[in-house]
Amino acid sequence: DSRNYAANCADALEAARKALHDVESHLGDMDAVAGDGDHGRGMVRGIDAATAAAAKALANGAGAGDMLGAAGDAWADKAGGTSGVLWGAGLRAFGESLGNDEAPEPAELAAAVTAFAARITDLGKAEMGDKTMVDALLPFAETFSKRVSEGVLPDVAWAEAAAAATSAAQATASLRPLKGRARPLAEKSVGTADPGATSLAMIFTVMGPHLVR
Ligand code: ADP
Ligand code: MG
Ligand code: MG
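Here the sequence shown is numbered in the UniProt record's numbering, starting from 359 and rising by one per residue.
Below you can see the structure in the form of structure tokens.
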């Protein structure tokens, strides 16, 4: 029922919260190479606010969609920075696509991932190769949708998508940033992967087992 899937989504956010606390200083160091060094701090502030809002919504009986919307709004509000605005809006879009009804079919989950990606590219205007979180997000969304449409079991499709996102995030190391705060120091960034792509691949990896049921 709807209450159950909302609880799964809250568990997914909690898994992301743990993972982000573990890598906070690493993400900050990556962002300090050519950006302003606050990516770890911002992501932790955002996910802490999102999990708190999700717990409150869940206690009030919200379904998955409304809960994720509240979590996204809290994330955007509290994280600060470019990544916070994008993650918050993306989570809200993900929830709007899922709705409150019940555990999504694989195709519905793929549609929600696509909605998440579309919201982030609409707002941030980044394209593949700009050295942003989009470089990990689009391979994730494309792999998951493609494999689900081919009838692969959703947990397998999610794992393949997460692996695609992780290698795509690593591959951003060779790129020069064309968007965001790291652009003015683009040359210094070469050799270091994009922090936002790295955190996105990590978050999608740990959320999978909770979202795919
Ligand atoms: P800020 O750059 O405001 O300090 P963060 O450090 O939290 O925010 O996030 C930086 C990350 O945001 C970058 O590593 C990149 O992945 C992502 N980013 C920056 N600009 C964009 C954009 N226009 N579209 C998508 N992602 C972006
Ligand atoms: Mg930063
Ligand atoms: Mg900043």
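The beta-carbon is built from N, C-alpha and C at its ideal position, and this holds for glycine as well. What you are looking at is a predicted structure, and each value in this text was computed from that prediction instead of being measured.
Same chain only: Cβ atoms within 6 Å of residue i, ignoring 5 sequence neighbours per side
i	result
Val-570	Pro-512, Asp-513 and Trp-516
Gly-453	Gly-423, Leu-426 and Gly-427
Ala-484	Thr-490, Val-492 and Lys-537
Ala-469	Ser-455
Ala-451	Ala-473, Phe-474 and Arg-477
Ser-557	Leu-385 and Met-401
Arg-403	Lys-436 and Ala-437
Ala-499	Val-471, Thr-472 and Ala-475
Ala-526	Asp-493, Ala-494 and Pro-497
Pro-464	Val-506 and Pro-512
Ala-411	Ala-428, Ala-429 and Ala-432
Gly-482	Leu-444
Sequence-distant residues of the same chain with beta carbon closer than 7 Å to residue i, five excluded per side
i	result
Leu-536	Asp-488 and Lys-489
Ala-434	Gly-442, Val-443, Gly-446 and Ala-447
Gly-439	Asp-396 and Gly-400
Thr-524	Ala-559 and Thr-563
Glu-518	Thr-501 and Arg-505
Val-391	Lys-546, Ser-547 and Thr-550
Thr-479	Val-492
Ala-415	Asp-424, Met-425 and Ala-428
Contact with chain D by residue i, beta-carbon distance below 8 Å
i	result
Leu-378	Absent here is chain D; the protein component of the structure consists of one chain.
Rounded straight-line distance, which links the Cα of residue j to that of residue i
i	j	result
Ala-540	Lys-546	9 Å
Ala-461	Tyr-363	5 Å
Thr-550	Thr-530	8 Å
Gly-393	Asp-552	10 Å
Ala-370	Ala-544	34 Å
Val-381	Val-564	13 Å
Met-486	Leu-496	8 Å
Gly-457	Gly-566	18 Å
Ile-405	Glu-466	24 Å
Arg-505	Ala-522	12 Å
Ala-473	Ala-374	19 Å
Arg-383	Thr-409	In the sequence as presented, Arg is not what sits at residue 383; that position holds Ser. Approximately 20 Å, taken between the alpha carbons.
Ala-437	Ala-368	18 Å
Val-510	Asn-366	21 Å
Leu-378	Gly-398	7 Å
Ala-555	Ala-429	21 Å
Val-548	Asp-431	33 Å
His-568	Asp-389	29 Å
Arg-534	Ala-417	45 Å
Ser-503	Ala-520	12 Å
Glu-372	Ile-561	10 Å
Contacts around residue i, its chain only, beta-carbon distance under 8 Å, and the 5 residues preceding and following it disregarded
i	result
Leu-449	Ala-408, Leu-426, Gly-427, Ala-429, Gly-430, Trp-433 and Phe-474
How would the residue list near ligand 2 read, in chain order, if you kept each one whose beta-carbon is closer than 5 Å to any heavy atom? Asp-389, Gly-393, Asp-394, Asp-396 and His-397
Legend entry - Every unbroken alpha helix (DSSP H) inside the stretch 526 to 571 [4 residues or more]: 544 to 547 and 553 to 569
Which full runs of the alpha helix (DSSP H) of 4+ residues lie inside the stretch 395 to 431, going along the chain? 397 to 417
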